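Trainee: Protein chains in written order, with my numbering: chain A, 1 to 112; chain B, 113 to 227.
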Amino acid sequence: GDSVTQMEGPVTLSEEAFLTINCTYTATGYPSLFWYVQYPGEGLQLLLKATKADDKGSNKGFEATYRKETTSFHLEKGSVQVSDSAVYFCALSTPHFNKFYFGSGTKLNVKP
Amino acid sequence: KAGVTQTPRYLIKTRGQQVTLSCSPISGHRSVSWYQQTPGQGLQFLFEYFSETQRNKGNFPGRFSGRQFSNSRSEMNVSTLELGDSALYLCASSSENRGLNTEAFFGQGTRLTVV
């Protein structure tokens with residue numbers, strides 16, 4: 001079945017450090033891939049998305065590239081800020097179904 | 113454009129009771145999905161409604177049910193509450209009818225505590 005696996009957290013970084021959160025997926029067909037972010041006490045906010053192989057999603061300095069050959073969608077940011085501290089979820093949705101499969105979430109702590 | 117609105121934000125219920133949660137999607141969105149979020153199980157899909165019809169259902173017992181009204185607002189109901197039902201319940205709305213570029217917009221959730 002369809003699933004998403006992302007790296008365990010928490011990830012603790014100093015401000016201005018480079019961030020990578022790994023995400024791999026298993027899916028039948030051709031899924032769309034997403035990164036969502038959740039701040040304490042809030043719902044999920046879409047961070048970026050990619051809908052086909054080799055697409056790069058980007059937003060607020062975050063990037064992720066849809067790699068079909070490695071079934072991956074790793075999240076990167078060149079220089080994190082304290083305000084980026086949150087939980088990040090990798091997700092996929094498959095064509096014809098408005099159903100999302102989420103990874104377990106990775107908590108990011110950024111220290112000043 | 114208003115976002116997805118979930119009410120209430122917080123609920124405390126006793127085991128055995130039932131509860132109804134409400135979700136108003138973004139104006140114009142006809143697909144509403146529900147997810148349960150717990151520390152142990154993460155985010156799990158409950159069900160999806162489109163134009164008042166349930167299209168997808170996750171692996172939850174029959175105590176969990178939902179419906180969608182003609183204005184796309186949705187409710188989910190949990191009967192005979194158990195302690196394990198304590199969770200954040202998230203509603204998501206989407207505009208596309210199973211389109212490839214569908215993205216989901218989430219509400220802030222309803223935090224249900226069963227005591």
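No residue lacks a Cβ here, since even glycine has one placed at the ideal position from N, Cα and C.
As the structure is a computational prediction, the values presented were derived from the model and not from experiment.
Is the distance from the Cβ of residue 6(A) to the Cβ of residue 90(A) below 8 angstroms?
Mentor: As a working note, residue 6(A) is residue 6 in the first sequence. As a working note, residue 90(A) is residue 90 in the first sequence. Result yes, Cβ atoms of residue 6(A) and residue 90(A) sit closer than 8 angstroms.
Trainee: Taking the C-alpha atoms as reference points, what is the distance between residue 124(B) and residue 175(B)?
Mentor: Translated into the one-based positions of the second sequence, residue 124(B) becomes position 12. Translated into the one-based positions of the second sequence, residue 175(B) becomes position 63. Between residue 124(B) and residue 175(B), the C-alpha separation is close to 18 angstroms.
Trainee: Against chain A, with Cβ distances strictly below 8 angstroms, would residue 214(B) count as a contact?
Mentor: The residue you call residue 214(B) lines up with position 102 of the second sequence. Yes, because at least one Cβ of chain A sits closer than 8 angstroms to the Cβ of residue 214(B).
Trainee: What does a CB cutoff of less than 8 angstroms around residue 138(B) pick up in its chain, not counting 5 residues either side in sequence?
Mentor: Here residue 138(B) is taken as the residue at index 26 of the second sequence, counted from 1. Hits under 8 angstroms: 113, 114, 115, 116, 205, 207 and 217.
Trainee: Residue 83(A) by DSSP, collapsed to three states: which one?
Mentor: In the first sequence, residue 83(A) corresponds to position 83, counting from 1. If DSSP states are grouped into helix, strand and coil, residue 83(A) belongs with the helices.
Trainee: Work out the CA separation of residue 11(A) and residue 156(B) for me, nearest whole Å.
Mentor: What you label residue 156(B) is simply residue 44 of the second sequence in a count that begins at 1. What you label residue 11(A) is simply residue 11 of the first sequence in a count that begins at 1. Taking the straight line joining both Cα atoms gives about 23 angstroms.
Trainee: Taking 8 angstroms as the CB-CB limit, is residue 56(A) close to chain B?
Mentor: The residue given as residue 56(A) occupies position 56 in the first sequence. So, not an interface residue.
Trainee: Measure the C-alpha to C-alpha separation of residue 178(B) and residue 160(B) and round it to an integer number of angstroms.
Mentor: In the second sequence, counting from the first residue as 1, residue 178(B) sits at position 66. In the second sequence, counting from the first residue as 1, residue 160(B) sits at position 48. Whole-angstrom Cα-Cα distance: 9 angstroms.
Trainee: So is residue 3(A) in contact with chain B if we call contact Cβ pairs under 8 angstroms?
Mentor: One-based indexing of the first sequence puts residue 3(A) at position 3. Residue 3(A) does not count as touching chain B.
Trainee: Output, in chain order, the set of chain B residues within a Cβ distance shorter than 9 angstroms of residue 89(A).
Mentor: Here the question's residue 89(A) lines up with position 89 in the first sequence. Neighbours of residue 89(A) on chain B, chain order: 154 and 155.
Trainee: Determine, for residue 178(B), whether the minimum Cβ-Cβ distance to residues of chain A falls below 8 angstroms.
Mentor: What you label residue 178(B) is simply residue 66 of the second sequence in a count that begins at 1. By this cut-off, residue 178(B) is not an interface position.
Trainee: Is residue 193(B) helix, strand or coil when you go by DSSP?
Mentor: As a working note, residue 193(B) is residue 81 in the second sequence. Residue state, collapsed to three classes: coil.
Trainee: Roughly how many angstroms separate the alpha carbons of residue 19(A) and residue 76(A), rounded to a whole number?
Mentor: Numbered from 1 along the first sequence, position 19 holds the residue referred to as residue 19(A). Numbered from 1 along the first sequence, position 76 holds the residue referred to as residue 76(A). Roughly 5 angstroms separates the two Cα atoms.
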